[in-house]
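Student:
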Amino acid sequence: MAFKRGISRDIHNILGSWDPSLATPLGWFHVTCDAAGRVIRLDLSNEGPELNGNFLVGHIPPVLGNLLNLVSLDLSHNFLSGPIPLGFDNFIRGKLLRLEVNSLTGPISWNLGFVPLYVL
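According to our numbering, the sequence shown holds residues 70 to 189 in order.
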């Protein structure tokens, strides 16, 4: 929910199914959970009617770095701004991290370079 709160504009309402009253995010669109109900994949790219992203505007909240079971995170082709949160070097189990075609600024954590991603 911290990610949803960080988004200031979602013109395609792709986060509309993210209901904070649900016990787990199992029914949320663009979210994949493991058998225990933990988020393991978050895919928010190219879900809008156009293929150039979802026009999400806002920042990436540091709390996403706390999703230790996340294996895939695709936030590419949006209008996200600000720094890549320092917690992203916790993305140890990750295999895919896509942040291209945004307006991210600042340094990339030195530790992120040692995360064994298949795609960065």
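C-beta atoms are modelled at their ideal positions from N, C-alpha and C, and glycine is treated no differently.
Keep in mind the model is a prediction, meaning the values are calculated, not measured.
Can you tell me which of the three DSSP states Phe148 falls into?
Tutor: Taking the first residue of the sequence shown as 1, we reach residue 148 at position 79. If DSSP states are grouped into helix, strand and coil, Phe148 belongs with the strands.
Student: Looking at the unbroken alpha helix (DSSP H) that takes in Gly75, where does it start and where does it end?
Tutor: Here residue 75 refers to the residue found at position 6 when the sequence shown is read from its first residue. Counting along the chain, the alpha helix (DSSP H) containing Gly75 begins and ends at Ala71 to Gly75.
Student: Report the three-state DSSP secondary structure of Leu95 (helix, strand or coil).
Tutor: Within the sequence shown, residue 95 is the residue found at index 26, counting from 1. Looking at Leu95 - three-state DSSP - the assignment turns out to be helix.
Student: From His146 to Ile83, what distance separates their C-alpha atoms?
Tutor: Translated into positions along the sequence shown, residue 146 becomes position 77. Translated into positions along the sequence shown, residue 83 becomes position 14. Their Cα atoms are separated by approximately 14 Å.
Student: Using DSSP bridges, identify the partner residues of Ser141.
Tutor: By 1-based counting over the sequence shown, the position of residue 141 is 72. Note: Ser141 sits in a beta bridge opposite Arg110 and Leu165.
Student: Helix, strand or coil for Gly134? Go by DSSP, reduced to three states.
Tutor: As a working mapping, residue 134 is identified with position 65 in the sequence shown. It is helical.
Student: So, with DSSP's three-state summary, where would you put Gly127?
Tutor: As a first step, residue 127 must be located in the sequence shown, where it is residue number 58. Reduced to three states, the DSSP call for Gly127 is strand.
Student: Throw me the rounded Cβ distance for the Leu136 and Val108 pair, which I believe falls under 8 Å.
Tutor: Taking the first residue of the sequence shown as 1, we reach residue 136 at position 67. Taking the first residue of the sequence shown as 1, we reach residue 108 at position 39. The pair is a contact, with the Cβ atoms about 5 Å apart (cut-off 8 Å).
Student: Please report the straight-line C-alpha distance between Lys73 and Leu149, rounded to a whole angstrom.
Tutor: For the purposes of this step, residue 73 is taken as the residue at position 4 of the sequence shown. For the purposes of this step, residue 149 is taken as the residue at position 80 of the sequence shown. When rounded, the distance between both Cα atoms is 12 Å.
Student: What do you reckon, are the CB atoms on Arg110 and Leu139 nearer than 8 Å?
Tutor: As a working note, residue 110 is residue 41 in the sequence shown. As a working note, residue 139 is residue 70 in the sequence shown. Yes, these two residues count as a Cβ contact at 8 Å.
Student: Here's the rule: buried if 16 or more other CB atoms are within 10 angstroms of the residue's CB, otherwise exposed. What is Ser178?
Tutor: In the sequence shown, the residue the question calls residue 178 occupies position 109. Ser178 is buried by the Cβ-count criterion.
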